[in-house]
Each structure stands twice: as structure tokens, then as C-alpha cells.
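Notes for the one structure printed next.
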Amino acid sequence: MSATNEEMARQLKRLARYNKDAAGSFDTAAQKVDKTEYSTLFRKYEREHSQFANDLETQANTLAGRVEEAEETSLGKIYQGWMKLKSALSEDDLESMLEETQRMEGALIDQYEDAMQTDWTPEIQQKIADQFATLKQARTDLQKRH
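Residue 105 in the working numbering sits at position 7 of the sequence shown; the count goes up by one each step and never skips.
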């Protein structure tokens, strides 16, 4: 069964929300970490996720016009909350930050795998595939550092 344009737009908005939440988590991590190498890395991931969110929202609006914002994504908010909590409790504990950012990227990868099952337009399919590849590389990079 093929999804309607509105359903696909909502799915894109949901992915955009996850990416906004991830960007917020990476911002928190960048502020907390003392090592410049990791702060720079977390800022890079923050920018990527922000750009992903903007791109997905643009695609959603092109696909079905302005659709209502996707429901609050508890998964993204949960990880952002955990990231803030662990960061506050462990005071600059780099290992905890790396662990949580890996977990967050893993959750996003799962969402992208689900999204790739949708029958998108070729342009949107390519955008999602490109973002998925970037997320997988980021997760691999984080695992190497942990």
C-alpha cells in the first residue's frame, strides 16, 4: 500500500524532529566537553543534524504543502533528556557523552531504516539515503573514539 503525500510529509516531519532533537543533544555535549577535538566534532554533528532537519522539512512542505507538525517525538526527547541528565551528573564525563551520542545515532539509524521502506520520490529517496549514510559514518566514528 502506497502512502499518501500527507502521510509521507508527516513521516519527513517526524525525521526532521528527531534530527532537531539530535542537534540539541550534540549542542549540549559540545558545551560540556573540555577537549577541543570532541567539542569540534559535536558541533559538526550539531550542524549536520540541523541541516538534515531543514532539508527534510523543505521536502515535506514541497510534497504536501504545510502539514501539521508531527507529534512530539518522545524518542528524541528521551535521548536529549538523558544526554542532559548524564552530562549534568557526571560533569564533563566524556565516556558517558560518547555512549549517549552513539545510542542516539543508533536510534536515528533505526528510524531512517524504517523510512527507507517508504515509496518516496527519487529525490527524497536519495536525500534520505544520503543522510542515512552520513549517520552511519558518524556512528562508526563515535564508536572508534569510545
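Built from N, CA and C at the ideal position, the CB exists for glycine as well.
Helix or strand or just coil, what does DSSP make of Ala107? Translated into positions along the sequence shown, residue 107 becomes position 9. DSSP places Ala107 in helix when its eight states are reduced to three.
Please report the residue range of the alpha helix (DSSP H) in which Lys234 lies. Walking along the sequence shown from the start, residue 234 turns up at place 136. 220-243 is the extent of the alpha helix (DSSP H) around Lys234.
Between Lys133 and Leu196, which are expected to be in contact by the criterion C-beta below 8 Å, what is the C-beta distance as a whole number of angstroms? On the sequence shown, residue 133 is found 35 positions in, with the first residue counted as 1. On the sequence shown, residue 196 is found 98 positions in, with the first residue counted as 1. The pair is not a contact, with the Cβ atoms about 11 Å apart (cut-off 8 Å).
Use the C-beta contact count for Asn117: other C-beta atoms within 10 angstroms, 16 or more gives buried, fewer gives exposed. Start at 1 with the first residue of the sequence shown, and residue 117 comes out as number 19. Classification for Asn117: buried.
Examine the Cβ distances between the segment 224-240 and the segment 146-159 and report whether three or more of them are shorter than 8 Å. yes
Where does Gln215 fall in DSSP's three states? Here the question's residue 215 lines up with position 117 in the sequence shown. The answer is coil: DSSP assigns Gln215 none of H, G, I, E or B.
Where do the N-terminal and C-terminal ends of the alpha helix (DSSP H) with Thr134 fall, by residue? Along the sequence shown, read from residue 1 onward, the residue named residue 134 stands at position 36. Thr134 -> alpha helix (DSSP H) spans 134-162.
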